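In what follows, a single structure is set out as structure tokens and then discussed.
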Amino acid sequence: LYSRYTLDPYSVNVIWPHFLTAFSTHTAFIYGLNTFMIPLAVVGHVYDSQLPRHVVMARLGNILARGLGHNFDYTGIKFDATGKIGIMLSEDTNPSYTTVVDNSNSQFNRTKSHRENSQLYSYQLQPGLTLNQRLSDITAANLSLSTVPELQDTKLPWVPFSSRQVYFISLAQTFCSKKKMPEVFTTLYEGTTLLPFDRITNLVSNSEQFAVAFSCALGANMHPEFKVRPFPLFEKVENKVN
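Going by the numbering used here, the first residue of the sequence shown is number 288, and it counts up by one from there.
Shown next as structure tokens:
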């Protein structure tokens, strides 16, 4: 595999089948090639040209935005646009990004629990393993949602929700999975992606737009006072000289 890594990366026969096929049901971001892979099987079931645009953005738009988000997660930020190692941020911005990463890990709730079929599962996660996915999810939701306020509020038949509310509901549905807890024990401790319900919680609890859309009270589980800022909405960090 790695001997082919230096060959023509744009040839389908050279490298892509080693990572994904057209029938794969998940995406992949290859940092070294600065490439986001989206199989047809991922796009086909989420795109419908007859749906309102805010629903399409929640489904297909968020998938595409997640690829952009990986460019600015903890690993992606170390590669430039040509895939070479190097810091993308300026000296002024880098401290702000470092603060976001540190806060994201320190505020991450490592102890999780989930009830399924009358069974209560408790588990602990390592924040460093899922850092990239958590940051890219937050960035993607903010990026794809930014197109929704510019649209007319299109009501769906028999759905008493605003466009923003439908956006988040549609987005949550894209994370649905049929897998049961006993099937994902390895993912819990070794995977780089949170379980679907944990991903949704991470995404909406760090979204100010979600709190506004559903009128969440400040301090509620889905509207905590501290939120991880999505790229590039960072707060400036002043350098203190002792």
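Heads up, the beta-carbon is just placed ideally off N, CA and C, and yes, glycines get one too. Keep in mind the model is a prediction, meaning the values are calculated, not measured.
State the DSSP-derived secondary structure class of ARG402, mapped to helix, strand or coil. strand
Presumed contact (8 Å Cβ cut-off) between LEU481 and THR386, rounded CB distance: No, LEU481 and THR386 are not in contact; Cβ-Cβ is about 22 Å, not under 8 Å.
Do LEU307 and VAL330 have their C-beta atoms within less than 9 Å of each other? no
Label VAL499 either buried or exposed according to how many other C-beta atoms from any shown protein chain fall within 10 Å of its C-beta, with 16 as the threshold for buried. exposed
At least three beta-carbon pairs within less than 8 Å, the region 490 to 497 to the region 465 to 479: As far as the Cβ criterion goes, the region 490 to 497 does not touch the region 465 to 479, which means the pair count is below three.
Assign GLY363 to buried or exposed, taking buried as 16 or more other Cβ atoms, counted over all protein chains shown, within 10 Å of its Cβ. buried
With DSSP run on the structure shown, which of helix, strand or coil describes HIS541? Since the first residue of the chain shown is 288 and the last is 529, residue 541 is not available in this structure.
Touching by the beta-carbon criterion (3+ pairs, under 8 Å), the region 469 to 478 and the region 451 to 461: no
DSSP state of LEU407 mapped onto helix, strand, coil: strand
In angstroms, rounded to a whole number, what distance separates the CA positions of ALA455 and ALA328? Note that residue 455 is Phe in the sequence shown, not Ala. When rounded, the distance between both Cα atoms is 22 Å.
Decide if GLN420 is buried, meaning its Cβ has at least 16 other Cβ atoms within 10 Å, or exposed. buried
For ALA345, report the span of its alpha helix (DSSP H) as first-last. Note, ALA345: premise wrong, no alpha helix (DSSP H); not H, not E.
Collapsed DSSP secondary structure at ALA531 in the structure displayed: No information on residue 531 is available, as it lies outside the stretch 288 to 529 that the chain covers here.
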